[in-house]
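Report on the structure given below.
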Amino acid sequence: MKAAVFQGVNKPLVVEDIPAPEAEGTKDVVIRVGRCGICGSDLHISEDPIFGVPAGVVLGHEYSGEVVGVGKEVKEIKVGDRVSVNPLTSCGECTACRIGDLAMCTSMMVGGGGYGQYSLVKEHQCVRMPEGVSIEDGALVEPMAVGLRAVYLAQMPPGARVLVVGAGPIGLAVTFWARRFGAGKIAVTASSTRREDLAMDMGASTFVAPSETPVEDVNTALGGPPEIVFECVGKTGLIQRCIEHVAPRGTVVVAGLCTHPDTFNPFLFVSKECRMQPTAFYTTRDFQTTLDVLEAGDTSPHGMITDTISIDDTPEAFEALKQRTTQCKVLIDSWNS
Ligand SMILES: [Zn+2]
Ligand SMILES: [Zn+2]
1 MKAAVFQGVN KPLVVEDIPA PEAEGTKDVV IRVGRCGICG SDLHISEDPI FGVPAGVVLG
61 HEYSGEVVGV GKEVKEIKVG DRVSVNPLTS CGECTACRIG DLAMCTSMMV GGGGYGQYSL
121 VKEHQCVRMP EGVSIEDGAL VEPMAVGLRA VYLAQMPPGA RVLVVGAGPI GLAVTFWARR
181 FGAGKIAVTA SSTRREDLAM DMGASTFVAP SETPVEDVNT ALGGPPEIVF ECVGKTGLIQ
241 RCIEHVAPRG TVVVAGLCTH PDTFNPFLFV SKECRMQPTA FYTTRDFQTT LDVLEAGDTS
301 PHGMITDTIS IDDTPEAFEA LKQRTTQCKV LIDSWNS
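Residue numbering for the sequence shown follows my numbering, beginning at 1 and increasing consecutively.
Structural data, given as structure tokens:
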């Protein structure tokens, strides 16, 4: 099968012909990958040795596809099912795994495989897609579930003033769910205005352009300081900025994945008595909820897809995404590769 294979840190991906996986284990499921999103954390993995991903791995953790093979003990999932894949690999047996909280399994790892034509997962990672959800939208479920989890963990009071820092797919997903969780005004801010329309489509009340006086501008836009601030970028200095923005006794939710040591001034954090809530993953139920909302006909997340490419074009597109780009979510279409 064809796959865009990771060659090591700071090396471009290479399209290779590698053996397709088979369902050898009793709980194995082989997926014919439909669409896979290229994620900012895949770019991170390819640039930062902290992740420790070895050469030869097929990246890609945001994908949907069709089941083409199942192991002997697979019961719920059948050949022909369309599924969205929870990419967290885990034991499948412990209490956390049994309730779909794979992130809390002691053997949890973030899996990949979506940049190839076929991937191998376990039955408990598969979430069946309803008829009404397209294979494209199936690849958005993972980043949407990240946003859902972030908003859930925020413990946001109804009508809260919300600030979302960052308008990448996670910032947009957070905006989408904050609106549906009963936020009041939602301001989105980012380092450029190119995602303004997308942010408004996802449920923002206002987009605050970068400025010299960001705190004042956001307070004016929201009618007061934000009670909840979501950090959805993952760069150094942004936690400090979120603390400057947040209302006293408010909550800063850190969804950005920064891999460098970062500092903030505890004085402001302590004197505001604010709360900091990190978030990274999701549960299988978050996948199900996202699919239910998409099935109900909410089309705004689909707007995040700005390009669809083949596996052959993936190495080049992957390098291009490391630069500042106008793309939001680029999907790899392995059915036309
Ligand atoms: Zn991702
Ligand atoms: Zn487990």
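The beta-carbon is built from N, C-alpha and C at its ideal position, and this holds for glycine as well. All figures in this text were calculated on a predicted structure; none of them were measured in a lab.
Note that the C-beta distance between H124 and P87 is not below 8 angstroms. By the beta-carbon neighbour count (other beta carbons within 10 angstroms, threshold 16), H260 is exposed. G182 is classed as exposed because its beta carbon has fewer than 16 other beta carbons within 10 Å across all chains shown.
Ranking P157, D313, D28 by CA distance to the CA of Y115 puts D313 first. Annotation for E62 indicates a beta carbon within 7 angstroms of some heavy atom of ligand 1.
Collapsing the DSSP output to three states places R249 in coil. Under the criterion of beta carbons closer than 8 angstroms, T284 and G138 do not qualify as touching, at roughly 15 angstroms. For E62, the enclosing beta strand (DSSP E) begins and ends at 62-70.
A255 is the residue among D28, A255, R98 whose C-alpha sits nearest the C-alpha of P143. In this structure, the beta-carbon distance from V30 to A23 falls below 8 angstroms. Boundaries of the alpha helix (DSSP H) around T175: 169-180. For G92, the CB falls within less than 7 angstroms of some heavy atom of ligand 2. By the criterion of at least three beta-carbon pairs nearer than 8 angstroms, the segment 235-245 is not in contact with the segment 167-186.
Listed in chain order, the non-local C-beta contacts of P225 below 6 angstroms within the same chain comprise N219, A247, local neighbours out to five positions each way being set aside.
With contacts defined as CB atoms closer than 8 angstroms, P12 and P315 qualify as a contacting pair.
Collapsing the DSSP output to three states places Q277 in a strand. Between the segment 287-300 and the segment 71-81, the count of Cβ pairs shorter than 8 angstroms is below three; the stretches do not touch.
Placement of the Cβ of S271 at a distance of 7 angstroms or more from every heavy atom of ligand 1 is found.
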